[in-house]
Amino acid sequence: MKLVFQNLEYFRNKTAIIDCRGKYSYSELNDRSVCIANYLLKTGTKKGDRIAFLIAPEFDFVATLFAIWKLGAIAVPLCTIHPVDEWQYVIDDSQTKRVVYGEEFLGQVVQLNGPQLVSILDIEPITINPQHPNLVAQDPSLILYTSGTTSRPKGVLHTHQSLNATIHSLVCSWRWTFEDHILHVLPLHHTHGLVNKLLCAMSVGATCEFLPKFDAETVWNRFSEGKMTLFMAVPTIYSKLIAFWEEQTGVKQKELFKGCKNLRLMVSGSAALPVSVLDKWESISGHRLLERYGMTEIGMAIANSYSGERRAGYIGTPLPDVIVRIVNEIGDVIETVHEQGEIQIKGASVFKEYWNKPQETKDSFTEDGWFKTGDSAILVNGYYKILGRNSVDIIKSGGYKISALEIESKLLDHPEIDECTVVGIADEEWGEIVAAGVVSTFNVQLLTLQDWAKDKMAPYKIPRRLIVLNELPRNVLGKVTKNEIKKLF
Ligand code: MLC
Ligand code: AMP
3 MKLVFQNLEY FRNKTAIIDC RGKYSYSELN DRSVCIANYL LKTGTKKGDR
53 IAFLIAPEFD FVATLFAIWK LGAIAVPLCT IHPVDEWQYV IDDSQTKRVV
103 YGEEFLGQVV QLNGPQLVSI LDIEPITINP QHPNLVAQDP SLILYTSGTT
153 SRPKGVLHTH QSLNATIHSL VCSWRWTFED HILHVLPLHH THGLVNKLLC
203 AMSVGATCEF LPKFDAETVW NRFSEGKMTL FMAVPTIYSK LIAFWEEQTG
253 VKQKELFKGC KNLRLMVSGS AALPVSVLDK WESISGHRLL ERYGMTEIGM
303 AIANSYSGER RAGYIGTPLP DVIVRIVNEI GDVIETVHEQ GEIQIKGASV
353 FKEYWNKPQE TKDSFTEDGW FKTGDSAILV NGYYKILGRN SVDIIKSGGY
403 KISALEIESK LLDHPEIDEC TVVGIADEEW GEIVAAGVVS TFNVQLLTLQ
453 DWAKDKMAPY KIPRRLIVLN ELPRNVLGKV TKNEIKKLF
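Here's what the structure looks like:
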């Protein structure tokens, strides 16, 4: 089995990447990744080392990822909008020795403790292929950090084989070909942007065009140019595109509709797609979104059909080579329709382990090897429908998974906060937004709290709503009753 980065030469002059600086062919991508691999080798990189990288969504991000894989090392992509504290946590937790960075991050990376810093500008143009390590598909390839029911994020370790399983399944199911051209607007440190969009494109010789940042007007303009064949995004992005469309004149709206005609597939995932968004998008673009369901730990698992029914409010049927079951609270597999339970998954795309966390890894699987997603669903006429999550401590906002516990522990560092609790509350645009209930003798204000939080947490984690209470509501065991807090908002 050829892995994505071993096949680049095959597509030669075909355009691989378009970014804000220009266009790059597959041969140029391969050459650049060889240069970076040589440089990393010279600085002591060995098979199995973790290499973090902090590079904007552009050509060098992709070349660095493939360079790391050429050396048999493990890629740890960092979130470009995280504060230094969060990078430091990921670097320490994954025991990363080197960080490759783009120049725009220089001011922040010098604040990191420990890792050797490698500027992408220092890479010399040596194009001798580095000695390839003896690489097998079961070797670890990637660590993605994900929030969960623990306070700090966990590193999800994938192998080349588990990534390939998702790539293969999506390429077949959604009929990717080298003629495809995808517009890329998502962050690259998560499965959706990295695997579903970038790696699927690179595996078939398609073109991946990066925007430096999501912007509704630019996305509509790119659609109108007629080159794009594929688009994939989180529901919030479709909501923002709809909002932009609604601000236009009738003539312009018709033009925007026409602009979408060359696209062959538009996908939504990473959070629940409201039926109102599905319907509105279909009416303004002519495209019925294909909703699918996945998770950092399992890759993509369930999806609506490419050529058949795309059922509103449902995530679809299992993708090839994925086995799905629903299990009730006492661990029995549910055979009847309409009975709610947890989705559990088996399949080749499931991750290997949480990095350095054997107990958490063990706890996340059943004894007979099913991964417990924590998502609650029902099965109706062969289609799965998500009903919610087992834990109130997990929030999904703009497609980002956020741990309420992580934010609570940060907020407790605020000098004016004595006690706090964090919940996700429903929001039309973001899916959920972060809301905090606090006990504060000094009556802390939302704006001052947000300002204080700016360099301590990623923008999407900062509370958008705040209630100051005399005391937090608790049950007889003293546990904060988060559902009561939600009602207060
Ligand atoms: C930003 N803002 C928020 C917010 N994030 N407000 C509430 N809730 C949030 N979550 C505010 C900012 O503070 C700012 O406010 C304004 O919105 C614009 O900020 P921005 O950063 O410019 O936002 P934008 O670029 O528009 O970001 C929206 C987005 C982004 C949807 C593009 O959230 C995003 O990239 N989401 C995708 C995450 C993702 O890839 N998830 C996949 C995980 S993998 P002000 O006041 O300053 O204007 C996974 C598995 C699977 O889930 O199944 O795929
Ligand atoms: P992450 O851990 O960031 O990979 O997010 C995975 C989680 O996103 C899943 O466990 C679900 O809760 C949620 N998710 C992904 N796709 C969908 C979808 N189509 N509908 C509802 N929730 C989804």
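Residue numbers in the sequence shown follow the working numbering, run continuously in steps of one, and reach 491 at the last position. All C-beta atoms, glycine included, are put in the ideal place defined by N, C-alpha and C. Being a predicted model, the structure only gives us computed values, none of them experimental.
Between Met268 and the rest of its own chain, which residues show a CB-CB distance below 6 Å, the 5 nearest in sequence each way excluded? These residues qualify, in order along the chain: Phe233, His289 and Leu291.
Report whether the distance from the Cβ of Arg359 to the nearest heavy atom of the ligand AMP is below 7 Å. Correcting the residue identity first, residue 359 is Lys in this sequence and not Arg. No - the ligand AMP has no heavy atom lying nearer than 7 Å to the Cβ of Lys359.
Inter-residue spacing [alpha-carbon to alpha-carbon] between Val78 and Ser35: Between the C-alpha atoms of Val78 and Ser35 there is a straight-line separation of about 16 Å.
The beta strand (DSSP E) spanning Phe492 covers which residue range? Missing from the structure shown is residue 492; the chain here goes from 3 to 491 and no further.
What separation, rounded to the nearest whole angstrom, lies between the Cα atoms of Lys387 and Val101? 41 Å
Among residues of its own chain, excluding the 5 on either side of Pro127, which ones have a beta-carbon nearer than 6 Å to its beta-carbon? Cys37
Note down, in chain order, each residue of its chain lying with its Cβ closer than 6 Å to the Cβ of Asp429, except the 5 sequence neighbours on either side. Ile435
Cβ-heavy atom distance between Arg391 and the ligand MLC below 7 Å? no
Apart from the five residues on each side of it in sequence, which residues of its chain come closer than 6 Å, Cβ to Cβ, to Ile70? Ile53 and Ala77
If you run the structure through DSSP and keep just helix, strand and coil, what is Lys540? Outside the modelled stretch of the chain, which goes from 3 to 491, sits residue 540, for which no answer is possible.
Beta-carbon within less than 7 Å of Lys484's beta-carbon, same chain only, minus the 5 sequence neighbours each way: which residues are those? Result list for Lys484: Val394, Thr423 and Val425, in chain order.
Kindly indicate the opening and closing residues of the beta strand (DSSP E) around Arg327. Val324 to Val329
Who are Glu293's beta bridge partners in DSSP? Ser270
Compute the distance between the beta-carbons of Leu280 and Ala314, then report whether it is under 8 Å. yes
Do His183 and Lys256 come within 8 Å of each other at the CB atom, strictly closer than that value? Contact check for Lys256 against His183 fails: the beta carbons are separated by 8 Å or more.
Roughly how many whole angstroms lie between the Cα atoms of Ser27 and Glu211? Between the alpha carbons of Ser27 and Glu211 lies a gap of roughly 12 Å.
Could you give the residue range of the alpha helix (DSSP H) that holds Arg34? Tyr28 to Lys44
Less than 7 Å between C-beta atoms, sequence neighbours within five positions excluded: which residues of the same chain meet that for Gln97? Arg52
Return the Cβ separation of Trp176 and Val206 in integer angstroms, given the expectation that the two are a contact with Cβ distance under 8 Å. Wrong, their Cβ atoms sit about 11 Å apart, outside the cutoff.
What distance in whole Å lies between the Cβ atoms of Ala139 and His162, which are believed to be in contact at a cut-off of 8 Å? 5 Å
Which whole-angstrom value describes the C-beta separation of Trp222 and Gly252, a residue pair presumed to lie in contact below a C-beta threshold of 8 Å? With 8 Å as the limit, Trp222 and Gly252 do not qualify as a contact, their Cβ atoms being about 15 Å apart.
If you scan the stretch 86-154 from start to end, which runs of the beta strand (DSSP E) of 3 or more residues do you find wholly inside it? 100-103, 118-121 and 142-148
Rounded to whole angstroms, what is the Cα-Cα separation between Ile469 and Ser411? 17 Å
Give the single residue among Val335, Phe55, His186 and Ile419 whose Cα lies nearest to the Cα of Phe444. Checking every option, the nearest Cα to that of Phe444 belongs to Ile419.
Distance, Cα to Cα, Val440 vs Val478? 20 Å
Please tell me whether, using a cut-off of 7 Å, the distance from the CB of Met297 to the nearest non-hydrogen atom of the ligand AMP is below it. yes
In three-state terms, what does DSSP make of Gly376? strand
Let me check understanding here. Comparing Cα to Cα, which of Glu284, Glu60 and Ile396 lies closest to Gly195? Glu60
Cβ-heavy atom distance, Ser272 to the ligand AMP, below 7 Å: yes
Nearest to Ser149 by CA position, among His186, His191 and Gln250, is which residue? His191
Val253, enclosing alpha helix (DSSP H) - first and last residue: Start and end: Gly252 to Gly261.
In chain order, which continuous runs of the beta strand (DSSP E) of length 3 or greater are located wholly inside the stretch 336-396? 343-349, 373-382 and 385-391
Quick check on Pro214: does DSSP put it in helix, strand or coil? Coil, per DSSP.
Distance, Cα to Cα, Ile494 vs Ile336? Residue 494 is absent from the model: the chain starts at 3 and stops at 491.
Coil, strand or helix - Lys398 by DSSP: Three-state result, Lys398: strand.
Going by the C-beta, is Trp178 closer than 7 Å to any heavy atom of the ligand MLC? no
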